[in-house]
Amino acid sequence: MPDNASLVYQFDLLKEENRRLSLDRHIFDKFLDVSGNAYFSYNFESGDFHCVGNFKGMLGVDVTGVDDIEKIREAVRNEDAESVMDILSIDPDRDCDIITKDFGLKTGRKWIEVTSFLIRDEEGFAQEKYVSFRNITRLKVQKDELTYLAYYDNQTGLINRNFFIEQLNEKVEKAKSEHVPLHVALVDIDSFKRINDSLGLVYGDELIMLFGQYLSSFNNERVTVGRFGTDVFVISVYDPGKEVSVEGIVSEIRNRLKKPFTLSNKDEIYLSVTVGVAVFPDSATTGLGVLQNAEICVYAAKDSDREKIHYFDTNMMKKFLEGFEVEKRLQDAILMQNFELFYQPQYNIGTGQLRGCEALIRWREHDGSYIPPMKFIPLAEKSGGIIPIGQWVIRTAVNKLEEWRQKYNYNGIMSINISAIQLKKDSFVDDLLLFLRSSSIDPENLEIEITESVLIEKTSEIIEKVSKLRQFGLKIALDDFGTGYSSLSYLRSLPISTLKIDKSFIDTVISDDTTGIITESVVNMVKRLGLETIAEGVEEEGQMDFLKKINCDNIQGFLLGKPMEEKDFEKYVLEAAM
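The numbering used here puts the first residue of the sequence shown at 117, with every later residue one more than the last.
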């Protein structure tokens with residue numbers, strides 16, 4: 117029989133053990149609270165049911181016994197009720213070891229992951245069942261957010277390019293199996309960069325959002341709208357019943373664009389769009405191929421009637437590939453500086469003396485043929501290649517002018533065309549002036565020709581740059597006057613020294629009295645503003661006589677000299693120096 121001391125010792129041990137167990141249970145309960153999980157177990161032999169965790173907080177129902185399992189059915193959404201009861205079923209014959217499924221509660225505020233598994237004896241009979249409940253609402257929300265970012269455009273709410281292509285491929289397969297066409301239209305907002313620059317990024321984004329939201333109204337089971345790029349949207353139409361058409365949708369869009377979009381700052385902005393359409397299976401046999409051909413249509417449409425819907429055809433592909441090949445060869449030509457300068461003389465119409473020349477770039481192919489500037493300059497402007505080309509032209513022309521001055525004491529003017537893209541480059545003016553300071557030419561002998569469309573914008577940045585060149589001493593010529601806005605009212609505010617009258621005026625200056633009167637009025641008014649005048653494209657004696665009569669200062673054209681190679685123009689330079 118144990119003595120009192122032994123009993124006290126054992127009692128103390130039991131007390132300490134209970135304290136530790138209570139502490140472990142407390143810690144366990146706290147971990148459960150923090151995790152937000154809940155569990156229950158059921159023994160098939162004894163019928164014992166044990167549960168831990170905050171079922172009430174998670175599911176909205178108390179779970180203390182087997183009978184409470186039915187309450188969980190009432191907590192989940194109706195469409196999930198049958199599945200959740202399959203997992204929770206207290207049935208030893210249910211042939212399942214582990215089943216995991218997400219269920220949404222009727223409140224719509226929570227998602228619960230339920231995992232159920234059985235423990236079996238050596239003979240395979242179920243002994244116990246364990247079920248865990250985990251609140252995965254946060255994970256579900258994060259997953260949905262990541263899914264949205266992966267598949268949707270955050271600015272417009274439309275599906276993005278990748279998701280559109282994924283859905284398009286599925287529709288192509290469906291169209292293939294059902295032997296029906298699928299139309300894909302690319303909708304490109306015209307001149308959006310100019311609009312965006314004038315509005316600012318914030319309002320430009322708002323305009324895109326408004327237009328995208330409008331396009332989203334076309335979304336249904338037959339029509340899918342997505343955002344393809346900054347200012348490009350894409351629409352697919354799959355309609356075996358022919359109840360919806362691309363033509364109808366585009367017509368609705370253009371009708372809507374007759375009204376402005378109103379921004380939050382109350383500005384009203386009008387938009388226009390260019391639309392290219394490709395059709396499966398006529399244009400391509402894959403979704404990506406159809407989409408690429410629709411894109412080719414848009415590029416082709418930029419150079420033609422933008423009000424039409426342009427459909428892809430094989431001839432369009434041929435032209436695109438030819439242009440692509442030219443662009444590829446152009447990149448090689450830029451790298452190798454495989455260009456030449458031709459020079460076209462300009463004459464003072466009163467004295468007959470050589471005023472100078474206009475430097476004109478030429479690209480000679482390996483076979484000796486020339487690719488016209490009107491074909492490769494637009495490609496260079498689109499690709500950014502006009503920057504290194506323009507730099508080469510300036511260096512070559514200035515160096516040649518300097519050479520002629522030293523060799524022949526030549527004092528004529530060298531005119532150089534400058535692209536709008538060159539002029540808009542931040543460092544263009546500073547780079548040009550730095551180069552000129554290192555040369556020995558007089559700035560008055562260099563003339564920069566800028567097209568009317570560049571200066572008419574009258575942006576402070578462009579005006580400031582041109583003024584800086586003018587202050588340095590360079591002549592500034594407004595080229596192709598008569599092809600654009602042709603307004604005399606803005607000339608007095610532009611920092612120009614010379615006005616070049618376009619060939620389109622000169623062609624009919626004799627045969628059309630109206631053109632003659634306009635040309636004479638332009639010359640008289642421009643001279644009163646203190647500007648020098650040059651008439652381009654003079655090809656006939658009668659044209660020269662008329663221009664001399666109205667006191668035009670200078671002429672340029674085939675009558676007195678075509679664009680010619682350096683060695684040929686040097687003869688003109690030599691004659692002028694005598």
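Ideal Cβ placement from N, Cα and C applies to all residues, glycine included.
Asked, Found
"Residues bridged to Thr390 (per DSSP)", "Asp304"
"Ile88 versus Val509, Gly472, Gly484 and Ser535, residue with shortest Cα-Cα distance", "No information on residue 88 is available, as it lies outside the stretch 117 to 694 that the chain covers here."
"Three-way DSSP call (helix, strand, coil) for Cys668 in this model", "coil"
"Closest residue to Phe334 among Ala513, Arg250, Val362 and Gly320 (Cα-Cα distance)", "Val362"
"Rounded straight-line distance, which links the Cα of Glu497 to that of Leu594", "20 angstroms"
"Short Cβ contact (8 angstroms threshold) for Arg193 with Leu175", "no"
"Beta-bridge partners of Trp479, as assigned by DSSP", "Ile487"
"CB-CB length for Phe171 against Val288, believed under 8 angstroms", "Actually they do not touch by this definition, with Cβ atoms about 49 angstroms apart."
"Of the listed residues Ile557, Ile564, Glu655 and Phe280, nearest to Ser523 (C-alpha basis)", "Going by the sequence as given, residue 523 is Lys instead of Ser. For the residues Ile557, Ile564, Glu655 and Phe280, the minimum Cα distance to Lys523 belongs to Ile557."
"Host beta strand (DSSP E) of Pro208 (start-end)", "It is not in any beta strand (DSSP E) - Pro208 carries neither H nor E in the DSSP assignment."
"Counterpart residues of Arg343 in DSSP-defined beta bridges", "Phe349"
"CB of Tyr330 within 8 angstroms of CB of Arg370, strictly", "no"
"Sub-8 angstroms separation of Gln659 and Val625 beta-carbons", "yes"
"Assigned secondary structure, Ser248 (DSSP; H/G/I helix, E/B strand, else coil)", "strand"
"Own chain, CB closer than 8 angstroms to Val348, minus 5 neighbours either side, in chain order", "Leu302, Val303, Asp304, Ile305 and Val414"
"Backbone CA spacing between Asp547 and Trp479 [nearest angstrom]", "25 angstroms"
"Euclidean distance between Cα positions of Leu255 and Tyr264", "14 angstroms"
"Own chain, CB closer than 7 angstroms to Asn276, minus 5 neighbours either side, in chain order", "Tyr267, Tyr268, Asp269, Gly342 and Arg343"
"Any chain B beta carbon closer than 8 angstroms to Val350", "The structure shown has no chain B; it contains just one protein chain."
"Straight-line gap, Gln469 to Lys541 (C-alpha atoms, nearest Å)", "36 angstroms"
"Nearest candidate by alpha-carbon position, reference Ser380, set Val318, Lys187, Lys683 and Val200", "Val318"
"For Asp596, the three-state DSSP class (helix, strand or coil)", "strand"
"Cβ distance (whole Å) where Ile532 is taken to contact Ile503 below 8 angstroms", "Contact flag wrong, Cβ pair sits at about 14 angstroms."
"For Asn431, the nearest candidate out of Met452, Lys418, Gly403 and Asn409 (CA to CA)", "Asn409"
"DSSP three-state assignment for Lys374, whether helix, strand or coil", "coil"
"contact_flag[the region 445 to 462, the region 629 to 649] where n(CB pairs < 8 angstroms) is 3 or more", "no"
"Neighbourhood of Tyr386 by C-beta, 6 angstroms cutoff - its chain only, sequence neighbours within 5 removed", "Pro376"
"Every unbroken alpha helix (DSSP H) within the region 607 to 638, with a cutoff of 4 residues, ordered by chain", "619 to 622"
"Limits of the unbroken beta strand (DSSP E) element including Tyr459", "Glu456 to Asn464"
"Residue interval of the beta strand (DSSP E) (run including Thr231)", "Trp227 to Arg236"
"Buried or exposed by the 16-neighbour rule on C-beta atoms within 10 Å, applied to Ile633", "exposed"
"Asn153 vs Gly169 beta-carbon contact at 8 angstroms", "yes"
"Residue environment, Leu204, which counts as buried when at least 16 other CB atoms sit within 10 Å", "buried"
"Cut-off 6 angstroms between Cβ atoms - residues of its own chain near Lys619, not counting five sequence neighbours on either side", "Glu652 and Gly653"
"With 16 other Cβ atoms within 10 Å as the buried cut-off, status of Gly501", "buried"
"Cut-off 8 angstroms between Cβ atoms - residues of its own chain near Pro297, not counting five sequence neighbours on either side", "Ala291, Val395, Phe396, Pro397 and Asp398"
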